[in-house]
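The structure appears below as structure tokens.
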Amino acid sequence: MSTDLKALRGALRARVEGDTDAVALLARIGPAYRRRRTRRVAGTATAVVAVGALLAMLLPRLLLGSYAVPAPPAVPIPSPAAGAIGSDPEMIHFDVGQFPYEVRTEWAVRDGIERLSLQGNAANDPNGTDKGFFVELTLAPAASPSPTPDPTRLPEPPEQLHSAQATVGGQPALVETGDRTTRVTWQPIAGVRAELSLRGPVSADKVVAFAGTLSLERGHRCAPYVRPTVLPAGARIAGCSIRPATGNGEWFIRGPGGTISVMVAPGVFEQGISPGRYPGAAPTLANGWRYEELGVDSNTQHFTADIRIPDPYVQIMTQGAYGLPDAVLVGGGLDLS
Amino acid sequence: MTFEEYVLARGPGLLRLARLLVDDVHRADDLVQDTLVRVYPRWARILRTDQPDLYVRRTLINVNASWWRRRSSREMPAELDADAWPGAHDHGPPTAERLALWERVRALPKRQRAVIALRYYEDLDDDRIAQILGCARATVRTHAMRALAAMRVELHDLEELHR
């Protein structure tokens, strides 16, 4: 069926018939404008927050090509001194800048050597087959002997290293590189020896650049939240370590009888005391905390005693001439710090 | 002219035009309200162009074109029980021919529907419509011819082709 323009005009006019209340329209515009403005402000604020968060995550990577290294809260060191390095078993006297990849860390001080261990994966390194890497940065007084190699470390095939000179933080440095190994050695200040070693698919120039971020003007407290206050006669706290990502930490006690390790984990050991382990109540430490004695027959670390406190979650291991009475003594003196 | 004076004078005309662009009177009210809310903060600048009608109508048509993207957040009308055909009660029952013709208008693409409304209800010439739509005069004519063909409207007057 066809029609003509007159009919079309008629249909359009009929369609628009009806009340058109301009006053009511005007009255609605004010509140609608305010609602729209509120929505826009809220939307803009949300967008700004979202973009800010995104930039905070990506900016270090985009601009600096690196990630923050997890660490305990930093404390300023106004006057860095060589004599301070390794002198306090509860204090790490250095800090670092950012690393090219995301890492997990452990900060430690033990027997006069301060150490930062990093572990990560160079997932965006196209040349790497095994992309995992391990980094260790140690600081020690220059006069002290080199750290004793860890006897429990897996043997590695001998590797031909190439040596080169470089500058790190304005100081001369020796850079030794191998197939998957880089080691940088330098003295950030007179009397302090720094060694940064990396195993994995990370280029030497990145390792040297990371070495250059070392700062002795900031440090970190090593303070797991449970602290030993009672030690066997003649023993002392010789070291401490902490993992910022998990909150795990360890105290290392050395004395005439050998060594005692106090491992601290956040929270409680959910399984508690093993059911049926003790016919009556589990034994109690001097501080009132219950503990369970664990077997040491099958361990490879030559532990002489091993006890577990479920709440707070602490495990104490002794070596050498130290044994269960010493573990119980140290456990009874543990204090929430 | 203040914004309030403009709304009081031109609001009814905008509401009528909106009723030709959307399918029910409530959505037409919303469309005009939404358009004026957008225009309000820029009113001083719009007045300086000396063509507030042109700007407001262009905004009306653009807001209508973008509505499909944000139906969930649009302003809801205060009354929802009125008839979708505004003239149905006030001026007697529409003829079957008018209803059928309106259904053909509804079936048009948005742009063609706007051209039909501006050309045959507002009686604007193609130059003015082209200014409102922001397109060439020839494009307006093409839209109009295609819309009329789709609605099977016979043109007895050849001047219609050359408005």
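So the protein lines, in turn, are chains V and B.
Take the first sequence: its letter number 176 is residue 176 in my numbering, and every next letter is one higher.
Take the second sequence: its letter number 54 is residue 1054 in my numbering, and every next letter is one higher.
The C-beta atom is built at its ideal place from N, Cα and C for all residues, glycine as well.
Source: prediction; values computed, not measured.
{"query": "Can you tell me whether V262 of chain V is helix, strand or coil according to DSSP?", "result": "strand"}
{"query": "Just to confirm the assignment, what range does the beta strand (DSSP E) spanning S1066 of chain B have?", "result": "Note, S1066 of chain B: premise wrong, no beta strand (DSSP E); alpha helix (DSSP H) at 1052-1066."}
{"query": "Evaluate R1042 of chain B with the Cβ neighbour count: other Cβ atoms within 10 Å of its Cβ, from every protein chain shown; 16 or more gives buried, anything less gives exposed.", "result": "exposed"}
{"query": "Thinking just about the alpha-carbon of each residue, which of V:Q119, V:P201, V:R193, V:E102 is nearest to the one in L216 of chain V?", "result": "V:R193"}
{"query": "What residues in the segment 27-41 of chain V have a beta carbon less than 7 Å from any beta carbon of chain B?", "result": "R28, I29, A32, Y33, R36"}
{"query": "Mind listing, in chain order, the continuous beta strand (DSSP E) runs of no fewer than 3 residues lying wholly within the segment 174-232 of chain V?", "result": "181-186, 192-199, 218-221, 226-228"}
{"query": "When the distance is taken between beta carbons, is L1014 of chain B closer than 9 Å to V1063 of chain B?", "result": "no"}
{"query": "According to DSSP, is W289 of chain V helix, strand or coil?", "result": "coil"}
{"query": "Under 9 Å, Cβ to Cβ, is there at least one residue of chain B near T20 of chain V?", "result": "yes"}
{"query": "Please classify V23 of chain V as buried or exposed, where buried requires at least 16 other C-beta atoms within 10 Å of its C-beta.", "result": "exposed"}
{"query": "So that I know if they touch, is there some Cβ in chain V lying closer than 9 Å to that of Q1033 of chain B?", "result": "yes"}
{"query": "Work out the CA separation of A140 of chain V and T181 of chain V for me, nearest whole Å.", "result": "21 Å"}
{"query": "So for P1012 of chain B, helix, strand or coil by DSSP?", "result": "helix"}
{"query": "Quick check on I1132 of chain B: does DSSP put it in helix, strand or coil?", "result": "helix"}
{"query": "For G10 of chain V, go through chain B and note every residue whose CB falls closer than 7 Å to its CB, in chain order.", "result": "R1098"}
{"query": "Which residue from V:V262, V:L196, V:Q171, V:D297 puts its Cα closest to that of A327 of chain V?", "result": "V:V262"}
{"query": "Quick one: is G43 of chain V buried, meaning 16 or more other Cβ sit within 10 Å of its Cβ, or exposed?", "result": "exposed"}
{"query": "Would A14 of chain V pass as an interface residue toward chain B - the criterion being a Cβ-Cβ separation below 9 Å?", "result": "yes"}
{"query": "Rounded to whole angstroms, what's the CA-CA distance from G10 of chain V to R1016 of chain B? Just pull it up for me.", "result": "14 Å"}
{"query": "With 9 Å set as the bound, which would you pick, yes or no: does the beta-carbon of G1134 of chain B sit closer than that to a beta-carbon of chain V?", "result": "no"}
{"query": "Taking only beta-carbon positions, decide if D1126 of chain B is within less than 9 Å of chain V.", "result": "no"}
{"query": "To the nearest whole angstrom, what separates the beta carbons of L1036 of chain B and I29 of chain V, a pair I think is in contact under 8 Å?", "result": "5 Å"}
{"query": "Let me know the secondary structure DSSP gives Q349 of chain V once reduced to three states.", "result": "Beyond the ends of chain V as shown, which are 1 and 337, falls residue 349 of chain V; an answer cannot be given."}
{"query": "Would you call the CB atoms of A972 of chain B and A1028 of chain B closer than 9 Å?", "result": "Since the first residue of chain B shown is 1001 and the last is 1163, residue 972 of chain B is not available in this structure."}
{"query": "Taking 9 Å as the cut-off, decide whether the C-beta atoms of G191 of chain V and A143 of chain V are in contact.", "result": "yes"}
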